[in-house]
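In the working numbering, the protein residues as written are 667 to 782. C-beta: ideal position from N, C-alpha, C; glycine also.
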């Protein structure tokens, strides 16, 4: 059974930092591209960051502030978020996609609230 479990969300003041984690089980982690998405209230889910064999990629809105990384030994992908803004408030989800299988799995999300 595949599971993706996000953690690290919470309430932070504008300008602050958070590090999100997503632990995967039931998949060969190193054979999966990993993604972070977010969904703000009343808005569609949007892709925030990607890490794959081709490197990393970021949405324009977070480039230079967020960093995606992975530790294959821990089956974990991270999202370091710095200089947070109120508009970063959202539920953050991780997604895995098998490089060879194309299978997609999603976590249940972790809430990030940026507010003073």
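Pick helix, strand or coil for residue 726, following the three-state DSSP scheme.
Stepping through the chain shown from its first residue, residue 726 is reached at position 60. Note: residue 726 maps to coil in three-state DSSP.
In terms of residue numbering, what span does the beta strand (DSSP E) encompassing residue 742 cover?
On the chain shown, position 76 is the one that residue 742 refers to. Counting along the chain, the beta strand (DSSP E) containing residue 742 begins and ends at 742-747.
Would you say residue 697 and residue 764 are within 9 Å of each other, going by their C-beta atoms?
Residue mapping note: residue 697 aligns to position 31 of the chain shown, counting from 1. Residue mapping note: residue 764 aligns to position 98 of the chain shown, counting from 1. A contact, by the Cβ cut-off of 9 Å.
For residue 671 and residue 692, which I take to be in contact (beta-carbon distance under 8 Å), what is that distance rounded to the nearest angstrom?
Taking the chain shown and counting its residues from 1, one reaches residue 671 at position 5. Taking the chain shown and counting its residues from 1, one reaches residue 692 at position 26. Contact doesn't hold; Cβ gap of about 11 Å is too wide.
Range covered by the beta strand (DSSP E) that runs through residue 763
For the purposes of this step, residue 763 is identified with residue 97 of the chain shown, where counting begins at 1. Unbroken beta strand (DSSP E) run through residue 763: 756-764.
Under the three-state DSSP convention, the category residue 753 falls into:
Translated into the one-based positions of the chain shown, residue 753 becomes position 87. Helix, per DSSP.
Between 676, 685, 695, 781, which lies nearest to residue 766 when the distance is taken from Cα to Cα?
Position 100 of the chain shown, counting from 1, holds the residue named residue 766. Checking every option, the nearest Cα to that of residue 766 belongs to 695.
Check each candidate in 745, 723, 730 and name the one with the smallest Cα separation from residue 737.
The residue you call residue 737 lines up with position 71 of the chain shown. The option with the nearest alpha carbon to residue 737 is 745.
With distances taken from CA atoms, which of 751, 773, 675 is nearest residue 700?
Start at 1 with the first residue of the chain shown, and residue 700 comes out as number 34. Of the listed residues, the one whose Cα sits closest to residue 700 is 773.
Using only CA atoms, which one of 778, 753, 682, 768 lies nearest to residue 759?
Locating residue 759 in the chain shown gives position 93, counting from the first residue. Ranking 778, 753, 682, 768 by Cα distance to residue 759 puts 778 first.
Own chain partners of residue 739 with C-beta closer than 6 Å, once the 5 adjacent residues on each side are dropped:
On the chain shown, position 73 is the one that residue 739 refers to. Excluding residues within five positions, none has a Cβ falling inside 6 Å.
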